[in-house]
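Reminder that position 367 of the sequence shown reads as 369 in the numbering used here, one-by-one numbering, no gaps. Note that CB positions come from ideal geometry on N, CA and C, so glycine has one too. These numbers come from a predicted model, not from an experiment. Below you'll find the structure, written out as structure tokens, and then a few comments.
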Amino acid sequence: MVKQMRTVYLDHAATTPIDPEVREAVARAMAECWGNPSSLHLFGRKARDLLDEARVTVAHALGCLDAEVFFTSGGTEANNMAIFGAARVAPPHQRHLITTAIEHHAVLHACQRLQQDGWEVTYLPVDSTGMVDPDDLRRALREDTWLVSVMHANNEIGTLQPIHEIAAICRERGVWLHCDAVQTFGLLDMNVEELGVDMLSVSAHKLYGPKGVGALYIRGGVKIAPLLVGGSQERELRAGTENVPGIAGFAKAVELSRTHHFAAWQQIWQLRERLRTRLQDLVPDIQVNGHVQQCHPGILSVTFDGVSAESLLIALDRHGVAASAGAACSAGSIEPSHVLLALGMGEERAMSTVRFSLGRGNTPDEVDFAAEVIEAEVARLRSKTTASGGRVYSPAEASPSR
Ligand SMILES: Cc1ncc(COP(=O)(O)O)c(C=O)c1O
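Below you can see the structure in the form of structure tokens.
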């Protein structure tokens, strides 16, 4: 019998495994609620009831009305819908938008598209911990500012932004605030009223739900234009037959997260801290990135000086340890992450940064195993670098077996 390799999944910020109860909810919806929710007959009504219930579940978790929840195909679409939808209803003399330098590409690329269409966009800087200064927002707001978009937790370094304070400033100035909460929904207690946001994006696959489903919260009274046109689904804001099984799985994931989340937060934070202290004890010349307290409980970004992150990830993968780089892969070339550069990090160090992200299925034993593997592989890769006179090896050179 072939012995199965041990695997340790430390990439929950990329996606989470599906909870078995979510899987069941999706399968049940597929088997029993396959009707079109827009149909008036019995089959349609069954699917419609399921959708309505799911909307109430998500609304409860967000602290809003069910009429303020719009299902989408995920976080990317929710972000696009908020930004383009708000932009389309802007008066011609109010085409200024403010965001931050460290947003997810689903926000940044939408903003860049608007710039091509003649919008002016201000990208707020962050400090070395990844935190936005609300005073910078105050200074950046103009008479013609129409929208502000600031994320809740950054997906690469975990830093949590002072959304409450940012929202108060936007309210004072009568400017809409959109928040990308894809990394925190289901983990942090989230109440859109308390946060003070006008729009908020969430995604199911970051909270042990299925991929390809999410939602945009739009505060009552905020009127945006649809991104997708066609049928009159989602109160005419998002055309297209709803992904009923996906939405059923999303609602189940939300329900489970509400029963788990305080315990999960504690447990995940303890595991993250265990990994951080193990690495700091075992591996010399490393730097932990992000804010020490204001941070996502599961995200740990670490710079390993003199080590190519890509080589390290490939080496870890050979031991069954899954993590990811603080770098975006585009068109076959690895670019240093815009988030790490925005912290003031140099390109070389950015390319030496790995993100470990823990979730509720991880155990202390897994963390200890991962730390030992990381220690050994960093030492091996550094010895190669030293042998080559300080040159950081590329992955192909560093791991000839792949
Ligand atoms: C902060 C953030 N926003 C948006 C997204 C996109 O969400 P989705 O994968 O559901 O489109 C992600 C996914 O990684 C994310 O981390």
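Comparing alpha-carbon positions, the option among Gly65, Val290, Asp54 and His263 lying closest to Gly160 turns out to be Val290.
Put simply, of Thr74, Met133 and Pro164 the residue whose alpha carbon is nearest the alpha carbon of Ile249 is Thr74. Distances from the alpha-carbon of Ala92 to those of Val128, Trp148, Asp138 and Leu126 put Trp148 closest. Relative to the non-hydrogen atoms of ligand 1, the Cβ of Asp182 comes within a distance shorter than 6 Å of at least one.
Listed in chain order, the non-local C-beta contacts of Lys213 below 6 Å within the same chain comprise His207, local neighbours out to five positions each way being set aside. Between the region 43-52 and the region 20-35 there are three or more C-beta pairs closer than 8 Å, enough to call the two in contact. Residue side-chain check: Thr243 keeps its Cβ at 6 Å or more from all non-hydrogen atoms of ligand 1. In the DSSP annotation of this structure, Asp182 is not part of any alpha helix (DSSP H); the continuous beta strand (DSSP E) holding it starts and ends at Trp178 to Asp182. For His98, the secondary structure class from DSSP, reduced to helix, strand or coil, is strand.
Residues of the same chain with a CB within less than 6 Å of the CB of Val60, apart from the 5 flanking positions on each side, are Val71, Ala217 and Val256 in chain order. Within a 10 Å sphere around the beta-carbon of Asn245 sit 16 or more other beta-carbons, which makes this residue buried. Contact between the region 274-285 and the region 372-386 is present: three or more C-beta pairs spanning the two stretches fall below 8 Å. For Ile301, there is no enclosing alpha helix (DSSP H); the enclosing beta strand (DSSP E) covers residues Ile301 to Phe306. If you draw a straight line from the Cα of Leu162 to the Cα of Arg47, it is about 41 Å long. Relative to the non-hydrogen atoms of ligand 1, the Cβ of Gly76 comes within a distance shorter than 6 Å of at least one.
The count of Cβ pairs closer than 8 Å, one atom from the region 292-310 and one from the region 352-363, reaches three, so the stretches are in contact. Beta-bridge analysis with DSSP links Gln289 to Thr305. Uninterrupted alpha helix (DSSP H) stretches at least 4 residues long and entirely within the region 121-197 occur at 136-142, 165-175 and 194-197, given in chain order. Burial of Asp21 is indicated by the presence of at least 16 other C-beta atoms within 10 angstroms of its C-beta. For Gly346, the secondary structure class from DSSP, reduced to helix, strand or coil, is coil. In the DSSP annotation of this structure, the continuous segment of the beta strand (DSSP E) that includes Arg357 starts and ends at Thr355 to Ser359. Cys113 is not a Cβ neighbour of Thr124, given a cutoff of 7 Å. The nearest non-hydrogen atom of ligand 1 is less than 6 Å from the C-beta of His106.
Ala227 sits in coil when the DSSP states are folded into three classes, being neither helix nor strand. Restricting attention to alpha helix (DSSP H) runs no shorter than 4 residues, the region 15-75 encloses them at 22-34 and 44-64, ordered along the chain. Between ligand 1 and the CB of Gln96, the shortest heavy atom gap is not smaller than 6 Å. Judged by beta-carbon spacing, Ala84 lies beyond the 7 Å limit of Lys254, meaning their Cβ atoms are not closer than that value.
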